[in-house]
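Numbering (full-length UniProt numbering), first residue to last: 1 to 64.
Cβ coordinates follow ideal geometry from the N, Cα and C atoms, glycine included.
A short write-up of the structure that comes next.
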Amino acid sequence: MKNSEINALNESELKSRIEAERENLTKLRFAHAISPIENPNRIRESRRLVARLNTFLRAKQLAK
1 MKNSEINALN ESELKSRIEA ERENLTKLRF AHAISPIENP NRIRESRRLV
51 ARLNTFLRAK QLAK
């Protein structure tokens, strides 16, 4: 997800997207713990996307 796409989201959309990505990250971690996933870099990308979403959410909250 690009920064321009994230910036276009409002706060409620950001919160729902954060929750969805956190669930996805949890599923990836469990899948990797059971048997190695094909591309373990997906865990890193997912974690960084959650962090990026949180950063944009915080910026929008401070802008109010």
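Closest by C-alpha distance to residue 20, when choosing among 3, 47, 33 and 41: Residue 47 is the option with its Cα nearest to residue 20.
I'd like the list of long-range same chain contacts for residue 24, defined as Cβ closer than 8 Å, with 5 residues on each side in sequence excluded. Closer than 8 Å at the Cβ level, and outside the excluded window around residue 24, lie 46.
Return the first residue and the last residue of the alpha helix (DSSP H) that residue 63 is part of. First-last of the alpha helix (DSSP H) with residue 63: 41-63.
Where do the ends of the alpha helix (DSSP H) carrying residue 24 lie? Where residue 24 is concerned, the enclosing alpha helix (DSSP H) stretches over 11-34.
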